[in-house]
Amino acid sequence: MESTLYQIFKESYNRDSFEKNVLTPIFNKSVKDYIIYNKEGEQEVELTDTEKRTAKKVVKYGEFKTHDNRKIELYEVTVEDFRQVKIARVGLGALVKKLIIGNNAVFATFKYEDVTDKHWRFSFIAYDSFFEEGQVQTKETNPKRYTYVFGDKDETYRTAIDRFQELDSKFQIKVKDIQEAFAVEAMSKEFFDEYRGTHYAKFVQFLTGDEYQKKVVNSKRMFINHHLF
Numbered sequence: 004m005e006s007t008l009y010q011i012f013k014e015s016y017n018r019d020s021f022e023k024n025v026l027t028p029i030f031n032k033s034v035k036d037y038i039i040y041n042k043e044g045e046q047e048v049e050l051t052d053t054e055k056r057t058a059k060k061v062v063k064y065g066e067f068k069t070h071d072n073r074k075i076e077l078y079e080v081t082v083e084d085f086r087q088v089k090i091a092r093v094g095l096g097a098l099v100k101k102l103i104i105g106n107n108a109v110f111a112t113f114k115y116e117d118v119t120d121k122h123w124r125f126s127f128i129a130y131d132s133f134f135e136e137g138q139v140q141t142k143e144t145n146p147k148r149y150t151y152v153f154g155d156k157d158e159t160y161r162t163a164i165d166r167f168q169e170l171d172s173k174f175q176i177k178v179k180d181i182q183e184a185f186a187v188e189a190m191s192k193e194f195f196d197e198y199r200g201t202h203y204a205k206f207v208q209f210l211t212g213d214e215y216q217k218k219v220v221n222s223k224r225m226f227i228n229h230h231l232f
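In our numbering, the protein residues as written are 4 to 232.
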């Protein structure tokens, strides 16, 4: 699956290919009631005039339930070619959030009308509902932390490939598994730990020797800038 994921992630968006080579192999065996609609069964969402300034078309093309009984609906959002998908992520995220009812969640693909050599985004958008002191509260997940940007031929997409393969290995997928697969904070921590424990330590040792290495590695002033895109 690794080579297949790499090919899909680095290429221009193609829904049929994404469904058949990524979504269906990973989720069909590990969730409940997995269904991809045919063309006649697709549900186009009616957009307001305001929403039409952000998106050209929104289509629901499938759904499934996780093993903790959370429905996840699959949407494809088409953006005008002259708009920037990355820049417009707040407005686009808000558009899809209105489709979430109760404990449901959304997988949303954001793509241009002309997908050739264009980036595309795959997002997990959800609310975590929980009880505290008898009151129902809702904690909204941050769409910035639950989004991958694909379509760059020069990227390795190592983190995304690893996370999707981890999902593929699950016997019964729950919402938490999907959140962990998309969580940027977890990615950043793993990157930081690996960098601090291996690459940075070796680099300091090479430059300064063991004693100075220990002081620097243990310092709390080390910062690593990590950018998702």
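C-beta atoms are modelled at their ideal positions from N, C-alpha and C, and glycine is treated no differently.
Every value quoted in this text rests on a predicted model; they were computed, and no experiment measured them.
Using a threshold of 9 Å, state whether the C-beta atoms of residue i and residue j are closer than that.
i: Val82; j: Ala111; result: no
i: Val25; j: Glu76; result: no
i: Phe125; j: Thr150; result: yes
i: Asp84; j: Asp117; result: yes
i: Asp71; j: Lys177; result: yes
i: Tyr78; j: Val61; result: yes
i: Leu170; j: Leu98; result: no
i: Ala129; j: Gln182; result: yes
i: Val48; j: Lys63; result: yes
At the level of alpha carbons, what is the spacing between residue i and residue j?
i: Phe21; j: Lys179; result: 22 Å
i: Thr69; j: Phe174; result: 11 Å
i: Glu158; j: Ile38; result: 31 Å
i: Ile103; j: Arg73; result: 11 Å
i: Lys101; j: Ala163; result: 27 Å
i: Tyr203; j: Arg161; result: The predicted position of Tyr203 is uncertain, since its pLDDT is 46 and thus under 50; no value can be drawn from it.
i: Met190; j: Phe127; result: Because the pLDDT of Met190 is 43, which lies under 50, any placement of that residue in the model is unreliable, and the number read from its coordinates should be weighed accordingly. Each residue's Cα considered, the two are about 15 Å apart.
i: Tyr9; j: Asn17; result: 14 Å
i: Met4; j: Glu54; result: 37 Å
i: Phe12; j: Val80; result: 17 Å
i: Lys23; j: Lys42; result: 15 Å
i: Val34; j: Val152; result: 24 Å
i: Ala186; j: Asp52; result: 33 Å
i: Asn107; j: Asp19; result: 24 Å
Exposed or buried, which one is residue i when buried takes at least 16 other CB atoms within 10 Å?
i: Gln138; result: Unreliable positioning characterises Gln138 in this predicted model, as indicated by a pLDDT of 40, which lies under 50. A coordinate reading is not provided.
i: Ala184; result: buried
i: Ser6; result: exposed
i: Arg56; result: exposed
i: Gly44; result: exposed
i: Glu66; result: buried
i: Ser172; result: exposed
i: Lys114; result: buried
Return the chain-ordered list of same chain residues with a C-beta closer than 8 Å to the C-beta of residue i, the five sequence neighbours on each side being excluded.
i: Asp165; result: none
i: Ser238; result: Examination of residue 238 is not possible in this model, given that the chain is present from 4 through 232 alone.
i: Thr27; result: Tyr37, Ile39
Within the same chain, show all residues whose beta-carbon is closer than 6 Å to that of residue i, passing over the 5 residues directly before and after it, in chain order.
i: Ile29; result: Leu170, Asp171
Please list the segments of the beta strand (DSSP E) lying wholly inside the region 102-126, counting only runs of 3 or more residues, in order along the chain. 108-115
Residue ranges of each alpha helix (DSSP H) within the region 20-63, 4 or longer: 27-30
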